[in-house]
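Adding 17 to a residue's 1-based position in the sequence shown gives its number in the numbering used here.
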Amino acid sequence: IEYVENQVDNKESYWLIGVNLGSTLNRQQSIETLYEYYRKKLIELNDVHYALGRILMYKGLYYQAEKWLQTNNHYEDLAELAIRQSQCERANQYLQHLPENSNDANLLRAYVNLLSSNDNIAKGRTILMKIGTDATDKIIRARVNIGLGFINLAVAQQNDQTLDYFTLGSETLCNSLPDIHPDIAKSYLGIGYAYFAQKKIKDAEKYFQMALTIQKQSLPYLHPDVAKTRSGIAHCLSVQKQTMQQALQELQYAYNILMHTFPREYKTHPEILLTKIDIDRLRKGKELYVRNTLLDYI
18 IEYVENQVDN
28 KESYWLIGVN
38 LGSTLNRQQS
48 IETLYEYYRK
58 KLIELNDVHY
68 ALGRILMYKG
78 LYYQAEKWLQ
88 TNNHYEDLAE
98 LAIRQSQCER
108 ANQYLQHLPE
118 NSNDANLLRA
128 YVNLLSSNDN
138 IAKGRTILMK
148 IGTDATDKII
158 RARVNIGLGF
168 INLAVAQQND
178 QTLDYFTLGS
188 ETLCNSLPDI
198 HPDIAKSYLG
208 IGYAYFAQKK
218 IKDAEKYFQM
228 ALTIQKQSLP
238 YLHPDVAKTR
248 SGIAHCLSVQ
258 KQTMQQALQE
268 LQYAYNILMH
278 TFPREYKTHP
288 EILLTKIDID
298 RLRKGKELYV
308 RNTLLDYI
């Protein structure tokens, strides 16, 4: 990024911005399709600062993205960034600027409730159910189902319903997004953990590996979503004594990514804290439990 100051003929100064989303050599058609999807979304914004903020979000560079999104107060995206940083109070401040009848904003409000306190889970579920009733946008409905899947898995522990919610959400995203879109990969994580909770380890590992295959094509290797998937793979590896060391390596890899992404929140971020707990449990030879923070699923 370079600021070019133009002092000739009273022309305006400008920013020169170079962006590389990923490898551009020998790209497959699926990657071309994903990039075209992103390109259209960014052009529709008609705002260079906003577009750059979105690109940095895609790359998992949340602190840098926040600076550009604050330029014109893009409150919805800023609220999402705050949620991903586990800054629920700050997310609420941004959400106060958004209409109460917006399904996108209400989805974020549901996330805040699910993340902020166990006492607010019922409120978060109520918001999700209302969005599911009102919304016509397929992607929003998919995210509602994934949120409900998390509630059933981590709170109610109703495994059969959990799998139904996660599968429905994933199928909708698969039908609505490019086939290597990162959100499809994340939807597989919920299915993977649902199978893990049922002790169906091979099925769980299959979905975690499917997620990783997509992420290797569509995300930088230090993207925080990759950490989520590595943690899921570690859960499956931890079941067998002979692969316990591999599980530890996967968790350490995930931990390093999360520390790289959230250095300011390292003492409080749920994903970092849970990963540390999982590492400690494995070192003591104890079993791992299903991840119980929403951030692992969205």
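We put the CB at the ideal spot given by N, CA and C, even for glycine.
Remark: C-beta atoms of LEU268 and THR292 approach each other more closely than 8 Å. Counted as a single uninterrupted DSSP element, the stretch harbouring PRO237 is not any alpha helix (DSSP H), since DSSP gives it neither H nor E. HIS286 places its beta carbon 8 Å or farther from that of LEU299. For SER119, the closest alpha carbon among the candidates LYS147, ARG142 and GLU83 is that of LYS147. A straight line joining the alpha-carbon of TYR205 with that of TYR224 spans about 5 Å. Between the beta-carbon of LEU145 and that of ALA173 there is about 13 Å, and that puts the pair past the 8 Å contact cut. Nearest to LYS301 by C-alpha distance, out of GLU222, SER134, LYS258 and VAL307, is LYS258. One thing to note: ASP297 has its Cβ no nearer than 8 Å to the Cβ of LEU305. Runs of the alpha helix (DSSP H) spanning 4 or more residues and lying entirely within the region 59-110 occur at 65-75, 79-86 and 92-101, in chain order. The shortest C-alpha to C-alpha distance from LEU170 to any of PRO280, PHE183 and GLN234 is the one to PHE183. Here DSSP, grouped into helix, strand and coil, assigns ASP196 to coil. The residue among ILE72, LEU194 and GLN226 with its C-alpha nearest the C-alpha of ILE208 is GLN226. Cβ contact annotation for CYS253 (same chain, cutoff 6 Å, sequence separation greater than five): ILE218, ALA221 and GLU222, in chain order. Cβ atoms of GLY77 and HIS198 stay farther apart than 8 Å, at about 15 Å.
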